[in-house]
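Student: What follows is a structure written as C-alpha cells; I'll ask about it next.
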Ligand SMILES: Cc1cc2nc3c(=O)[nH]c(=O)nc-3n(C[C@H](O)[C@H](O)[C@H](O)COP(=O)(O)OP(=O)(O)OC[C@H]3O[C@@H](n4cnc5c(N)ncnc54)[C@H](O)[C@@H]3O)c2cc1C
C-alpha cells in the first residue's frame with residue numbers, strides 16, 4: 147500500500163490550500179480529487195474578496211497560502227471596497243478569469259514538491275481504532291496516511307434543482323459522491339442538508355450596454371498578495387455593469403414562485419441567510435420595488451456573464467422571462483440557467499479549533515462541508531486543516547488561530563463553538579476586534595506564525611522583514627521628530643494647522659487627511675532641508691500606509707488591544723480534555739448541557755458558547771482555580 151503523511155480529499159478551494167500547506171511544510175502529501183482539470187473550479191461567481199472575504203484571502207496569503215497569488219495572475223477586474231469607510235472594512239474585491247484561475251492552480255499544484263495529484267473517487271476512509279489510517283478508492287485500491295483532510299464541498303449526496311428538474315450532481319458538470327457521508331455517519335457525525343444556489347449566465351453580446359451603468363475597474367489596482375508589487379493581469383481589465391430588477395421582474399417571480407425548487411418545497415437543505423436567492427428577496431422584502439443586479443464577465447475574452455444577485459432555482463423559462471424585464475437585458479440570451487444544489491454538511495461543533503474531528507484522530511474537515519459558503523471561507527479552513535494535518539503527521543504541536551489575531555480565527559471559532567444554522571458567510575461584523583484585523587496588516591498578524599510552522603518561504607519572509615523594519619523605522623522616526631510653535635509659520639505655509647504645543651511627527655500624522663509624505667515634507671521644511679520627490683516601491687508604500695493607520699486610529703487601537711489582552715487571559719485558561727462540566731456546582735442545567743456538548747478547550751471558548759452567561763463563566767473560573775490550587 148502506498149504511504150503518505152497526509153491525504154487531502156478534494157481539489158476545491160479548501161483542498162488546494164490544505165494540500166499546498168501540508169506539502170510546503172514538508173509532509174508527503176497526496177491530493178485525491180475526482181477530476182484534475184476541475185482543480186480550482188469556481189462554480190459560482192468569479193469574485194475573490196469583498197468585505198470580510200477579502201480579509202480572509204489576505205490572511206491566507208500572509209500565512210503562505212495560494213489564493214491571493216493566483217488571483218493576481220488571473221485578474222479581470224478589481225476595485226477597493228469600503229474605501230469611503232475606515233480601514234477596518236476596506237479591502238479588495240477582485241474578479242478572476244474562470245479558466246485562468248483553475249489552470250494556474252493546477253500548474254502550481256503539479257509543480258509543488260512533496261505533493262502528488264491523483265484523479266480518483268474516494269469511496270471510504272480507513273481507520274484503525276479511533277484514528278484514521280488511509281483511504282479506499284473506488285475499485286478497491288487503498289492508500290495509507292497518518293492524516294486525512296476531507297474537503298468534499300457540495301459533492302456529498304449533491305442534488306441540483308432547476309424548477310422541476312432534479313439531478314444527482316454536485317454542481318453543473320460534476321457528479322455527486324456518497325461514500326464519505328456513509329463513513330462520517332458510521333463514526334457518529336451529525337450530518338445535515340444545506341443548500342446554495344447560483345445565477346443564470348448570459349451572453350455579453352446580448353446586453354444593451356447603453357442601458358446599464360458602468361462599474362469601473364480600479365485604475366491603479368493594488369495587488370491582492372503581499373508577495374507582489376502589482377497584479378499581473380493578462381491584459382486590459384474589464385469594467386462591470388450594473389442594472390436592477392423592476393416591479394415587472396418581481397411580478398413574474400411572485401407569480402411563479404411555486405415553481406421554484408425551494409418554495410415548491412422540493413429542497414430539504416437550508417439556504418444561506420446572507421446570500422439570498424432572488425426568490426428569497428422578493429418574499430422577504432415585499433416593499434422593495436427594486437434590487438441591484440451586477441453583470442460580471444467570467445473569463446478573459448469569454449462571452450459568459452454572471453448575473454450577480456439573481457441566484458435562483460426557478461425553471462429556465464421563468465428565469466428568461468424575469469431577466470428580460472431588467473434595463474439592458476431586454477434582448478438577453480441565456481447561456482445557462484441558474485440552479486440550486488443541496489448537499490450533506492457535517493456539524494462543525496464536532497471539530498476542535500484545529501479542525502480535527504473529535505470523533506476520529508487524524509481526521510480533519512475543511513470548507514463547505516463544515517457548513518460555510520464561499521471560496522475564501524473554504525480556503526481559510528483549508529490552510530488551517532492542512533497545516534494541522536502536517537503538524538500532526540510530524541508529531542508537532544498544533545496551530546490554533548484565535549479571534550484576536552485573525553478573521554480565520556473568528557471563522558473557525560464561530561464554527562466549532564457556536565455551530566451553524568445556515569451556510570456561514572464571513573462578515574466584518576462577526577469580529578469584535580475588526581479595527582485590529584485589517585486588510586493592510588494581515589502579514590504583521592500572521593506571517594511570523596506561517597514562518598514558525600514552516601509554510602512561509604524565504605522570498606515571502608524577506609519581503610515581510612523588509613516591510614516590518616521599514617514600519618518600525620518610520621514609527622521610531624515619527625516619535626523622535628517634533629514640531630514646536632516656532633514651526634507654525636512653516637506648517638501653515640504647507641497648509642497645515644499650527645501646533646499649540648510641542649507635537650511629535652506621530653501626533654501630526656494623527657490629523658485627518660495628513661499623509662506620511664506630508665509629515666516628511668513638513669519636517670524637511672522645518673529643518674531647512676529640501677524635500678526630494680522619490681519613487682517608492684510597494685513595500686515602502688505599504689509600510690507608510692500602515693504607519694498612517696496606526697497614527698489615525700491610535701486611541702481606538704490601544705483600547706482594542708487592551709480588550710484583546712483581557713480576552714487572551716481568558717483564552718489562556720485551559721480546560722482539561724476530560725473535564726466533567728456536570729460536576730461544577732452552581733452551573734445552570736442549560737450551561738452544563740451545552741458545555742458538555744461543545745467541550746470547549748478554554749474558558750475563553752466556553753464564554754462564547756451560545757447561552758453561556760457571565761455568571762456561568764465566573765463559576766467555571768472559580769472551580770478551575772480551586773481545582774488547580776495545591777490545597778485542593
Ligand atoms: C451551485 C453553487 C452555487 C454557489 N453559490 C455560492 C454563492 O452564492 N456564494 C458563495 O459564497 N459560495 C457559493 N458557492 C460555494 C462555493 O463554490 C464553495 O463555497 C466553494 O467552492 C467551497 O470550496 P470547497 O473546497 O469546500 O469545495 P468544492 O469547491 O466544492 O470542492 C470539492 C472538491 O472535492 C472533490 N471531491 C468530492 N468528493 C470526492 C470524493 N469522494 N473523492 C475525491 N474527490 C472528491 C471534488 O472533486 C472537488 O474538487 C456555490 C457553490 C455551488 C456549487
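Residue numbers (the working numbering): 147 to 778. Positions of the beta carbon are idealized from the N, C-alpha and C atoms, including for glycine.
1) Please return the same chain residues whose Cβ sits closer than 8 Å to the Cβ of residue 359, not counting the five positions on each side in sequence.
2) For the 8 Å Cβ check, are there 3 or more pairs between the stretch 417-429 and the stretch 338-355?
3) When the Cα atoms are used, what is the spatial distance from residue 297 to residue 528?
4) Please classify residue 244: is it buried, with 16 or more other beta-carbons within 10 angstroms of its beta-carbon, or exposed?
5) Count the other CB atoms within 10 Å of the CB of residue 743; is the residue buried (16 or more) or exposed (fewer)?
6) Would you check if the stretch 749-760 and the stretch 558-567 touch, i.e. whether three or more CB-CB distances between them fall below 8 Å?
7) Would you mind reading off the limits of the beta strand (DSSP E) that contains residue 311?
8) Under 8 Å by Cβ, that's how I've got residue 207 and residue 173 pegged, so tell me the actual separation to the nearest angstrom.
9) Is any heavy atom in ligand 1 found nearer than 7 Å to the beta carbon of residue 558?
10) Should residue 267 be listed as close to ligand 1, given that the test is whether its C-beta is under 7 Å from any heavy atom?
11) Note down the Cα distance separating residue 506 from residue 544, rounded to an integer number of angstroms.
12) Among the candidates 157, 451 and 321, whose CA atom is the shortest distance from the CA of residue 250?
13) Which residues in the same chain as residue 509 place their Cβ atom closer than 6 Å to its Cβ, once the five residues preceding and following it in sequence are excluded?
14) Quick one: measure Cβ to Cβ for residue 765 and residue 522, integer angstroms, because I've assumed they're closer than 8 Å.
15) Closest to residue 485 by CA distance: which of 690, 312, 212 and 180 is it?
16) I believe residue 264 touches residue 178 by the beta-carbon criterion, under 8 Å. Please report the beta-carbon distance rounded to the nearest angstrom.
17) Is the distance from the Cβ of residue 493 to the Cβ of residue 303 below 8 Å?
18) Would residue 551 be called buried (16 or more neighbouring beta carbons within 10 Å of its own) or exposed?
19) Which class does residue 721 belong to by DSSP, given the choice of helix, strand or coil?
20) Counting only runs that start and end within the stretch 380-414, where is the alpha helix (DSSP H) found for 4 or more residues in a row?
21) Which residues in the same chain have their Cβ closer than 8 Å to the Cβ of residue 728, if we skip the five residues on either side of it in sequence?
22) Given that a residue counts as buried once 16 or more other Cβ atoms are within 10 Å of its Cβ, and exposed if not, what is residue 431?
23) Would residue 227 and residue 196 qualify as a contact pair, given that the criterion is a beta-carbon distance under 8 Å?
24) Give me, in chain order, the residues of the same chain whose beta-carbon lies closer than 6 Å to that of residue 198; leave out the 5 immediate sequence neighbours on both sides.
25) Where residue 442 and residue 474 are concerned, what is the direct C-alpha to C-alpha distance, given to the nearest angstrom?
26) What residue does the alpha helix (DSSP H) around residue 559 start on, and which one ends it?
27) Can you check DSSP and say which residues form a bridge with residue 177?
28) Whole angstroms is fine: what's the gap from residue 408's alpha carbon to residue 440's?
29) Please report the straight-line C-alpha distance between residue 609 and residue 363, rounded to a whole angstrom.
30) Could you spell out the range, first to last residue, of the alpha helix (DSSP H) harbouring residue 604?
31) Tell me which residues share the same chain as residue 630 and place their Cβ nearer than 6 Å to its Cβ, disregarding the 5 neighbours each side in the sequence.
32) Between which two residues does the alpha helix (DSSP H) holding residue 426 run?
33) Over what stretch of residues does the beta strand (DSSP E) that includes residue 293 continue unbroken?
34) Drop a sphere of 10 angstroms on the beta-carbon of residue 719, count the other beta-carbons inside from all chains shown, and report buried for 16 or more, exposed for fewer.
35) What does the alpha-carbon distance come out to for the pair residue 383 and residue 526?
36) Rounded to a whole number of angstroms, what is the C-alpha to C-alpha distance between residue 578 and residue 257?
Tutor: Working from what's here:
1) Taking the first residue of the chain shown as position 1, residue 359 is located at position 213. Excluding sequence neighbours, residue 359 sits near 387, 388 and 389.
2) yes
3) Indexing the chain shown from 1 puts residue 297 at position 151. Indexing the chain shown from 1 puts residue 528 at position 382. Distance between the alpha carbons of residue 297 and residue 528: 8 Å.
4) What you label residue 244 is simply residue 98 of the chain shown in a count that begins at 1. By the neighbour-count rule (16 or more Cβ atoms within 10 Å), residue 244 is buried.
5) Locating residue 743 in the chain shown gives position 597, counting from the first residue. Residue 743 is exposed by the Cβ-count criterion.
6) yes
7) Translated into positions along the chain shown, residue 311 becomes position 165. Segment 311-313, the beta strand (DSSP E) holding residue 311.
8) Stepping through the chain shown from its first residue, residue 207 is reached at position 61. Stepping through the chain shown from its first residue, residue 173 is reached at position 27. No, residue 207 and residue 173 are not in contact; Cβ-Cβ is about 21 Å, not under 8 Å.
9) As a first step, residue 558 must be located in the chain shown, where it is residue number 412. Incorrect: residue 558 has no Cβ contact closer than 7 Å to ligand 1.
10) For this step, residue 267 is matched to residue 121 along the chain shown. Yes, ligand 1 has a heavy atom inside 7 Å of this Cβ.
11) The sequence position of residue 506 within the chain shown is 360, counting from 1. The sequence position of residue 544 within the chain shown is 398, counting from 1. So the alpha carbons of these two residues sit roughly 16 Å apart.
12) One-based indexing of the chain shown puts residue 250 at position 104. With distances taken between Cα atoms, residue 250 lies closest to 157.
13) Counting from 1 along the chain shown, the entry for residue 509 is found at position 363. Excluding sequence neighbours, residue 509 sits near 278, 294 and 503.
14) Taking the chain shown and counting its residues from 1, one reaches residue 765 at position 619. Taking the chain shown and counting its residues from 1, one reaches residue 522 at position 376. Residue 765 to residue 522, Cβ: 38 Å. No contact.
15) Your numbering for residue 485 matches position 339 in the chain shown. Nearest of 690, 312, 212 and 180 to residue 485, Cα basis: 312.
16) Translated into positions along the chain shown, residue 264 becomes position 118. Translated into positions along the chain shown, residue 178 becomes position 32. Contact flag correct, Cβ pair sits at about 5 Å.
17) For the purposes of this step, residue 493 is taken as residue 347 along the chain shown, with counting starting at 1. For the purposes of this step, residue 303 is taken as residue 157 along the chain shown, with counting starting at 1. Not closer than 8 Å, so no.
18) Along the chain shown, read from residue 1 onward, the residue named residue 551 stands at position 405. The residue in question, residue 551, is buried, as its Cβ has 16 or more Cβ neighbours within 10 Å.
19) In the chain shown, counting from the first residue as 1, residue 721 sits at position 575. The answer is coil: DSSP assigns residue 721 none of H, G, I, E or B.
20) 393-401
21) In the chain shown, counting from the first residue as 1, residue 728 sits at position 582. So the qualifying residues of the chain are 738 and 742.
22) Translated into the one-based positions of the chain shown, residue 431 becomes position 285. Looking at its Cβ environment, which holds fewer than 16 other Cβ atoms inside 10 Å, residue 431 is exposed.
23) The residue you call residue 227 lines up with position 81 of the chain shown. The residue you call residue 196 lines up with position 50 of the chain shown. Contact: yes.
24) What you label residue 198 is simply residue 52 of the chain shown in a count that begins at 1. Taken in chain order, the residues that qualify are 572, 573 and 574.
25) Counting from 1 along the chain shown, the entry for residue 442 is found at position 296. Counting from 1 along the chain shown, the entry for residue 474 is found at position 328. Their Cα atoms are separated by approximately 14 Å.
26) The sequence position of residue 559 within the chain shown is 413, counting from 1. From DSSP, the alpha helix (DSSP H) with residue 559 extends over 553-559.
27) Residue mapping note: residue 177 aligns to position 31 of the chain shown, counting from 1. Bridge partners of residue 177: 154 and 263.
28) Translated into the one-based positions of the chain shown, residue 408 becomes position 262. Translated into the one-based positions of the chain shown, residue 440 becomes position 294. Those two C-alpha atoms are separated by around 23 Å.
29) Your numbering for residue 609 matches position 463 in the chain shown. Your numbering for residue 363 matches position 217 in the chain shown. Approximately 28 Å, taken between the alpha carbons.
30) By one-based count along the chain shown, residue 604 stands at place 458. Start and end: 604-626.
31) Stepping through the chain shown from its first residue, residue 630 is reached at position 484. So the list reads 648, once near-sequence residues are dropped.
32) Within the chain shown, the letter at position 280 stands for residue 426. Taken as a continuous stretch (DSSP letters only), the alpha helix (DSSP H) holding residue 426 covers 424-430.
33) Start at 1 with the first residue of the chain shown, and residue 293 comes out as number 147. Residues 288-296.
34) Residue 719 sits at position 573 when you count from the first residue of the chain shown. Counting Cβ neighbours within 10 Å, residue 719 comes out buried, since at least 16 surround it.
35) For the purposes of this step, residue 383 is identified with residue 237 of the chain shown, where counting begins at 1. For the purposes of this step, residue 526 is identified with residue 380 of the chain shown, where counting begins at 1. When rounded, the distance between both Cα atoms is 27 Å.
36) Within the chain shown, numbered from 1, the residue matching residue 578 stands at position 432. Within the chain shown, numbered from 1, the residue matching residue 257 stands at position 111. Approximately 40 Å, taken between the alpha carbons.
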